[in-house]
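What follows is one structure encoded as structure tokens, with my remarks underneath.
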Amino acid sequence: MPPFAQRIAALPKWQGRGAAFVCGVFLASIQAPLGFFPAFFLSIPVLFWLISGATGWRHASWIGWFAGVGYFGAGLHWIVEPFFVDPLRHGWLSPFAILGMSGGLALFWALAFASTHLVAKGFLLAPALAVTLTLAELLRSYVLTGFPWNLLGYGWLDTPVAQLAALVGPHVLGLATVLVGGVVAMAWRGWPVWIAALSVLAGWGYGNILLQSDTAERADPLIVRLVQPNAPQTEKWTAEGMRAQYLRGLLGTAAPGEYDVVIWPEVSVPQLVDEPARQYGQTLFQWSDISTAANGKPALVGARQRRVDPSIEWFNTLAVLQDATVTDIYKKYHLVPFGEYIPLAEYLPGLGMQGLASALSNLGGSMSGGEGPLTLSTADLPPFLPLICYEAIFPHQMRAAGERPEWLVNITNDAWFGEFVGPYQHLAQARFRAIEQGLPMARAANTGVSAMIGPDGEVLASIPLGQHGFVDAALPAPKPPTLYSQTGDRPAIILLLLAFLGFAAVRAIDRLTGKHDIT
6 MPPFAQRIAA LPKWQGRGAA FVCGVFLASI QAPLGFFPAF FLSIPVLFWL
56 ISGATGWRHA SWIGWFAGVG YFGAGLHWIV EPFFVDPLRH GWLSPFAILG
106 MSGGLALFWA LAFASTHLVA KGFLLAPALA VTLTLAELLR SYVLTGFPWN
156 LLGYGWLDTP VAQLAALVGP HVLGLATVLV GGVVAMAWRG WPVWIAALSV
206 LAGWGYGNIL LQSDTAERAD PLIVRLVQPN APQTEKWTAE GMRAQYLRGL
256 LGTAAPGEYD VVIWPEVSVP QLVDEPARQY GQTLFQWSDI STAANGKPAL
306 VGARQRRVDP SIEWFNTLAV LQDATVTDIY KKYHLVPFGE YIPLAEYLPG
356 LGMQGLASAL SNLGGSMSGG EGPLTLSTAD LPPFLPLICY EAIFPHQMRA
406 AGERPEWLVN ITNDAWFGEF VGPYQHLAQA RFRAIEQGLP MARAANTGVS
456 AMIGPDGEVL ASIPLGQHGF VDAALPAPKP PTLYSQTGDR PAIILLLLAF
506 LGFAAVRAID RLTGKHDIT
């Protein structure tokens with residue numbers, strides 16, 4: 006091991022944890038809006054050297070936890086933004102939110118590092134950490150409804166390497182990246198660094214081949230108008246704010262230009278889908294206004310639905326509007342914990358926690374979920390898969406029963422995410438969904454970024470963050486079904502588990518034979 010790597014591996018526990026934290030913070034720069042992918046090959050080798058010097062699985066787990074706290078803390082610091090929409094009531098919760106979120110997600114990395122130390126030594130550390138860290142990222146994508154935000158593979162978004170997600174998905178792309186970083190770290194054991202360089206160049210070259218073909222036009226052209234009203238969250242539900250948002254939407258819809266369908270963002274109209282009109286203050290909101298502005302063209306509009314029988318339930322919906330009538334409805338099914346519902350809230354009163362249940366309900370809302378994912382074939386539009394806000398971050402939930410959609414429709418209100426990191430990261434994940442599925446995506450966001458995204462993840466037309474307006478864009482043709490869209494994560498999960506068991510078996514044999522290292 007070279008002297009500088011030896012010094013890193015031999016760092017005292019707290020200095021090593023500090024180094025792991027710094028590595029995690031720097032590694033977060035791979036994510037939008039920075040997209041600094043070279044951070045992979047500067048941070049990951051240091052983490053390998055740190056774990057190679059761990060004296061036990063507990064030591065290794067702390068290295069992983071501090072690295073995770075740095076990575077998630079730096080990448081998810083926007084999580085405090087929703088608490089400052091009403092700072093007097095909720096601002097005090099913001100430190101607990103960022104500490105709880107980063108510390109909780111870092112537990113998955115702690116598990117990965119501890120497992121690596123238990124099942125591998127020597128040159129097997131590199132592939133073992135790649136496998137365990139990928140399994141940890143899969144776990145956080147599924148466990149407790151999942152939160153696959155800022156997966157490692159997303160760091161390649163603005164490079165041709167991202168196109169590999171169409172074949173293997175974001176998790177295996179992250180696995181390959183960590184493994185390449187491990188090759189760099191283990192060069193002192195004779196692993197030729199040119200393997201790492203060749204791997205990146207191969208991925209880059211293959212991605213370029215996939216990008217060579219221009220985005221195909223549809224045989225039956227479809228022009229989509231995306232409307233961005235840009236309503237700040239602090240004003241969204243005031244009488245004047247609702248009126249301003251509604252009028253901006255109508256102006257964007259009625260503006261000159263030819264289009265075939267118009268899309269408004271998540272909950273961009275205050276009336277309910279079951280009511281033709283609703284009075285708020287001095288303003289009458291009605292579906293006929295939108296149809297008139299759209300000159301009879303279909304509109305996909307974010308709204309709410311209320312069901313009162315047998316009990317009152319609220320749904321976050323995408324309403325299909327045709328000739329002043331809501332003809333179809335999609336209900337968001339993957340809700341945001343503590344944002345749209347409170348997990349296990351129904352059990353709190355029975356445990357004598359009525360006050361806590363009431364406080365959490367005021368903070369987190371009480372929405373109900375619909376059934377999904379669901380492909381809509383309606384209003385003479387090509388069949389599409391609707392995704393409301395948060396639903397676009399789940400790569401494994403893009404497969405709807407029935408016919409394959411020809412495009413994705415994402416309506417969202419990113420005003421909650423602030424104006425710097427959050428909205429761009431949400432857009433980046435939407436672009437990855439397009440790559441993985443080989444489908445174009447029309448994305449309407451309240452404050453931005455609204456965009457037409459091609460099936461290779463390219464932003465073809467957009468409205469900048471924090472501006473109100475509209476944009477017309479032709480919907481590209483879908484690509485043939487991608488390998489990942491047909492297989493999902495199951496093959497990767499099976500192979501990763503088999504690899505982990507293989508490492509564990511080799512380590513057990515190593516201990517039985519009395520060896521202390523495998524070289």
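Just add 5 to wherever you are in the sequence shown, counting from 1, and you've got this note's numbering.
We put the beta carbon where it would ideally sit given N, CA and C, even for glycine.
In chain order, what residues of the same chain lie with their CB nearer than 6 Å to the CB of residue i, ignoring the 5 residues before and after it?
i: residue 239; result: 90
i: residue 134; result: 121
i: residue 374; result: 338 and 340
i: residue 163; result: 40
i: residue 30; result: 75 and 79
i: residue 484; result: 443 and 460
i: residue 144; result: 113
i: residue 476; result: 231, 466 and 468
i: residue 432; result: 454
i: residue 503; result: none
i: residue 298; result: 255, 258 and 259
i: residue 262; result: 477
Note down the Cα distance separating residue i from residue j, rounded to an integer number of angstroms.
i: residue 280; j: residue 490; result: 38 Å
i: residue 46; j: residue 52; result: 11 Å
i: residue 501; j: residue 396; result: 26 Å
i: residue 511; j: residue 149; result: 32 Å
i: residue 286; j: residue 394; result: 28 Å
i: residue 131; j: residue 157; result: 16 Å
i: residue 474; j: residue 257; result: 6 Å
i: residue 288; j: residue 251; result: 10 Å
i: residue 525; j: residue 451; result: What is shown of the chain runs 6 to 524, which leaves residue 525 out entirely.
i: residue 204; j: residue 210; result: 10 Å
i: residue 202; j: residue 192; result: 12 Å
i: residue 368; j: residue 48; result: Here the model assigns residue 368 a pLDDT of 43, short of 50, so the residue's position is not dependable, and the following value carries that caveat. Rounded to the nearest angstrom, the two C-alpha atoms are 37 Å apart.
i: residue 324; j: residue 401; result: 24 Å
i: residue 517; j: residue 435; result: 49 Å
i: residue 515; j: residue 127; result: 11 Å
i: residue 253; j: residue 233; result: 8 Å
i: residue 2; j: residue 173; result: No statement about residue 2 is possible, as the shown extent of the chain runs from 6 to 524 and does not include it.
i: residue 365; j: residue 486; result: Reliability fails at residue 365, whose pLDDT of 46 lies under 50, so the model's placement of it is uncertain and no value is given.
i: residue 346; j: residue 371; result: 5 Å
i: residue 448; j: residue 403; result: 15 Å
i: residue 267; j: residue 216; result: 29 Å
i: residue 100; j: residue 425; result: 19 Å
i: residue 505; j: residue 229; result: 47 Å
Among the options, which residue has its Cα nearest to the Cα of residue i?
i: residue 11; options: 419, 252 and 57; result: 57
i: residue 310; options: 304, 333 and 299; result: 333
i: residue 306; options: 129, 392, 66 and 260; result: 392
i: residue 470; options: 191, 458, 295 and 454; result: 454
i: residue 84; options: 427, 485 and 458; result: 427
i: residue 176; options: 136, 185 and 187; result: 136
i: residue 141; options: 268, 117, 125 and 129; result: 117
i: residue 385; options: 505, 411, 170 and 60; result: 411
i: residue 406; options: 95, 206, 376 and 479; result: 376
Would residue i be called buried (16 or more neighbouring beta carbons within 10 Å of its own) or exposed?
i: residue 214; result: exposed
i: residue 418; result: buried
i: residue 166; result: buried
i: residue 198; result: exposed
i: residue 461; result: buried
i: residue 328; result: exposed
i: residue 81; result: buried
i: residue 300; result: exposed
i: residue 242; result: exposed
i: residue 441; result: buried
i: residue 524; result: Note that residue 524 scores a pLDDT of 40, beneath 50, so its modelled location is shaky and nothing firm can be said.
i: residue 437; result: buried
i: residue 5; result: Lying outside 6 to 524, the shown extent of the chain, residue 5 is not represented and no answer is given.
i: residue 104; result: exposed
i: residue 146; result: buried
i: residue 22; result: buried
i: residue 7; result: exposed
Once you ignore the five residues that flank residue i on each side, which residues in its own chain have a CB closer than 7 Å to its CB?
i: residue 482; result: 221, 222 and 223
i: residue 41; result: 34 and 35
i: residue 161; result: 42, 167 and 178
i: residue 387; result: 227, 411 and 412
If you drop the 5 nearest sequence neighbours on each side, which residues of the same chain put their C-beta closer than 8 Å to that of residue i?
i: residue 19; result: none
i: residue 24; result: 13, 16, 51 and 55
i: residue 86; result: 421, 422, 423 and 427
i: residue 115; result: 66, 67, 69, 70 and 73
Hey, is residue i close to the ligand PLP, as in C-beta under 7 Å from one of its heavy atoms?
i: residue 262; result: Among the components modelled here there is no ligand, and therefore nothing to report on the ligand PLP.
Would you check if the stretch 176-185 and the stretch 378-385 touch, i.e. whether three or more CB-CB distances between them fall below 8 Å? Segments in contact, no.
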